[in-house]
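Please read the structure below before turning to the comments.
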Amino acid sequence: MSAALEDTIVAIGSGASGALRGVVRISGVGAYDCVKSWIELCDPPESFGRTSAMATATARIADRQLACDLYYWPNERSYTRQPSIEIHTIGSRPLLEEMVAAACRHGARMAEPGEFTLRAFLAGRLDLTQAEAVLGVIDAEGDARLKQSLAQLAGGLSSPLADARTKLLELLAHLEAGLDFVEEDIEFITSDELCAQLEEARGSVDHALTQLIGRDAGDEMIKVVFCGAPNVGKSSLFNAIVGEEAAIVADLAGTTRDTLVRAIVIGGEQVALIDTAGQEEAAAGPLQSAQRLGGQQVERADLRVICWDAGREATEAERKLWDAAPEERRLLVFTKCDLAAPTISAAVATSSTTGEGIAELRKAIAEKLAQMPATEDATAARCRASLQQAAESLSAALTAAENGLGEELVAVEIRMALAELGRVVGAIATDDILDVIFSRFCIGK
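Take 1 as the starting number for the sequence shown in UniProt numbering and just add one per residue.
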């Protein structure tokens, strides 16, 4: 995408299907110059040209005069924060195309897909999560997806991340001030305060990541769900795959009460790895609610990793869980194989205690994923990757702070987290990423 920001661009901003009203959008420093020779204003307000205003007008198009309303933003109050015009008139596609052609004859050029929103992003009007939300609103199928996209557009994800980034910048300033005065007996921030602020920042990032991963219909990330009876070792296996103690592990059945989600890369594919509460018929209270939520995740799973305890025979409920899943969307795993041998050779044998079979399980998941249709690349996946990297950097910073490894190492990890958060909230972006993101929009958005 050519990002010649000084160009004046034009496109039809309304839908392709017939409608009572249509819109032509123009943005750029020469927006008004490219219409004033073929659009005549009718009694414009005195403030027209200095502040945002609307005037009725007459457009001379194809040897005829056409009534229209002209909205003009001469300054940064527009969507793109450039001088911008919207021409509202009857929704005849040929007439709208004639207006676009007239604007192009007088100095404008056709906008590329997503170029209006790209300019809004580059001007700081939107961040990447909000830019994705614009597309989500356009593509929304159903009320739930529309409400989610509208909330995201309103800053539901970006606002807390921007706050977390600001606090991290302040924290980094304290650390670097301390490094500058390392030979002086001055403490700019205590170790306890440092750890507390890092934990708070990581919590904000984890929450945003969970929101992105946990989206309902339309989510592009493949969901791999660990399921099975209580206390078969699902959470231990989940932790072994993730590489951290994300899930609580104990010998008591029903330890997992919440659905846990982590974004990881398996076989070159970014997936949402999900740990669910064990399923049993006698559950009650909070455990019953947790199992209901877990059951919903199982139903929506792209791949079900069904866990059986190698030390006992599978129950009828466990066999029903296996039989209910399509062949291409299920994978049988035996846990606790350091204590007993699996009874089905085709299953993956694992032990979270010894590490046996963990690599084989990752390979088996990758092979299943390779057989699935490829998912469409999306801005959301890019945001998730940045948030995942930010979370890892903050975890590393917290570990360094807790173990007294030096404020220099803590500062390095904070800088890495800030860079990733900057990509999400719009402070940092590269041209190739922007090209991929905004080319997905239709022309005129």
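Note that the Cβ used here is the ideal one computed from N, Cα and C, for glycine as well. These numbers come from a predicted model, not from an experiment.
Considering only residues of the same chain and omitting the five flanking positions on each side of residue i, which have a CB-CB separation below 8 angstroms?
i, result
"GLY49", "TYR32, TYR72, PRO74"
"GLY311", "LYS336, LEU339, ALA340"
"ALA250", "Residue placement at ALA250 cannot be trusted, given a pLDDT of 38 that sits under 50; what the coordinates show is reported in the next sentence. Excluding positions up to five away in sequence, the list is empty."
"ARG165", "LEU418, LEU421, GLY422, VAL425, ALA427"
"ALA346", "LEU332"
"HIS106", "ASP33, CYS34, VAL35, SER37, TRP38"
Tell me residue i's beta-bridge partners as DSSP assigns them.
i, result
"LYS223", "ALA272"
"HIS88", "VAL23, ASP69"
"PHE48", "THR51"
"ALA57", "LEU41, CYS68"
"MET110", "VAL10"
"PHE334", "TRP308, ALA349"
"LEU172", "Answer is none; LEU172 lacks a bridge partner."
"ARG262", "LEU273"
"GLY278", "Its beta-bridge partners do not exist; DSSP assigns none."
"GLY228", "CYS307"
For residue i, which residues in the same chain have their Cβ closer than 6 angstroms to its Cβ, ignoring the five residues on either side in sequence?
i, result
"ALA102", "TRP38"
"VAL10", "ILE26, VAL100, ALA103, ALA108"
"ASP323", "none"
"GLU299", "none"
"ALA314", "TRP308"
Rounded to whole angstroms, how far is the Cβ of residue i from the Cβ of residue j, which I believe are closer than 8 angstroms?
i, j, result
"CYS337", "VAL232", "Going by Cβ atoms, the distance from CYS337 to VAL232 rounds to 12 angstroms, so no, they are not a contact pair."
"ALA301", "LYS223", "5 angstroms"
"LEU303", "LEU321", "Contact flag wrong, Cβ pair sits at about 14 angstroms."
"GLY28", "PRO83", "7 angstroms"
"LEU394", "LEU198", "6 angstroms"
"ILE274", "ALA366", "Actually they do not touch by this definition, with Cβ atoms about 17 angstroms apart."
"THR58", "CYS34", "About 17 angstroms; that fails the 8 angstroms criterion."
"LEU175", "ALA411", "5 angstroms"
"PHE226", "THR276", "6 angstroms"
"ALA62", "GLU98", "5 angstroms"
"LEU172", "ARG362", "About 35 angstroms; that fails the 8 angstroms criterion."
"GLN30", "THR8", "This sequence places Gly at residue 30; Gln is not what is there. Sure, about 4 angstroms apart at Cβ, within 8 angstroms."
"GLY243", "LYS234", "About 16 angstroms separates the two Cβ atoms, so there is no contact after all."
"ASP69", "THR56", "6 angstroms"
"GLN388", "ALA240", "Incorrect: roughly 18 angstroms between the Cβ atoms, too far for contact."
"LEU293", "THR259", "5 angstroms"
"PRO230", "GLY278", "3 angstroms"
"LEU161", "SER204", "7 angstroms"
Using the rule of at least 16 other Cβ atoms within 10 Å of the residue's Cβ for burial, across every protein chain shown, is residue i buried or exposed?
i, result
"ILE344", "exposed"
"LEU20", "exposed"
"ALA4", "exposed"
"PRO45", "exposed"
"GLN296", "exposed"
"LEU369", "buried"
"ILE90", "exposed"
"THR354", "exposed"
"ALA396", "buried"
"SER47", "exposed"
"GLU327", "exposed"
"GLU316", "exposed"
"LEU252", "Residue confidence is low: LEU252 scores 37 on pLDDT, short of 50, so the model does not pin down where it sits. No coordinate-derived value is stated."
"ARG77", "exposed"
"GLU408", "exposed"
"ALA284", "Note that ALA284 has pLDDT 48, beneath the 50 cutoff, so the model's placement of it is unreliable and no number is given."
"ARG64", "exposed"
"ASP309", "buried"
"SER319", "The displayed chain sequence assigns Arg, not Ser, to residue 319. Label assigned to ARG319: exposed."
"LEU169", "exposed"
"GLY406", "exposed"
Could you name the residues of the same chain whose beta carbon sits closer than 7 angstroms to that of residue i, not counting the 5 residues immediately before and after it, in chain order?
i, result
"GLY357", "CYS337, VAL348, ALA349, THR350, SER351"
"PRO94", "none"
"GLU269", "ILE222, LEU369"
"GLU402", "CYS195"
"ASP206", "ALA391"
"LYS167", "GLN197, ALA201"
"ALA364", "LEU331, VAL348"
"THR190", "none"
"GLN371", "GLU328"
With a cut-off of 8 angstroms, does the C-beta of residue i fall near any C-beta of chain D?
i, result
"THR58", "Absent from the structure: chain D. Only one protein chain is present."
>> Please give me, in chain order, every unbroken run of the alpha helix (DSSP H) with length at least 4 that falls completely inside the region 376-410.
In response: 379-402
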